[in-house]
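Just below is one structure, and these are the notes that go with it.
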Amino acid sequence: MQVTDPLLIAREGAKYLQVSLPTFYRRIADGTLPKPIKMGSLSRWSQSEILAAVEYAKAKRNAGSPSPVKEG
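With the numbering used here, letter number 63 in the sequence shown gets 66, and the count goes up by one each step, no holes.
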């Protein structure tokens, strides 16, 4: 069986996003990141859902007013 969308533990999700574990949990609490998939007492996060949250944040950033950072 080939896994195309790996499930990550919290530490792996935080590492994937390059944030601390407390920051990872804060982003879940504030709705920026998806809630975990619960399997009994286990919590796992879909890598594709985390990536989708990042893409959503990028799209939201680009849809807003122009960035004060000069590009190019």
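Backbone N, C-alpha and C define an ideal beta-carbon position, used for all residues, glycine too. Here the structure is a predicted model, which means the values were calculated and not measured.
Is the beta carbon of Ile53 less than 8 Å from the beta carbon of Tyr19?
yes
Top-ranked residue by Cα proximity to Ala1, from Leu36, Gly16 and Trp48
This structure cannot speak to residue 1, because the chain is shown only from 4 to 75.
Does the Cβ-Cβ distance between Phe27 and Gly43 come in under 8 Å?
no
With distances taken from CA atoms, which of Pro25, Ile31 and Trp48 is nearest Asp8?
Trp48
Span of the beta strand (DSSP E) around Ile12:
It is not in any beta strand (DSSP E) - Ile12 carries neither H nor E in the DSSP assignment.
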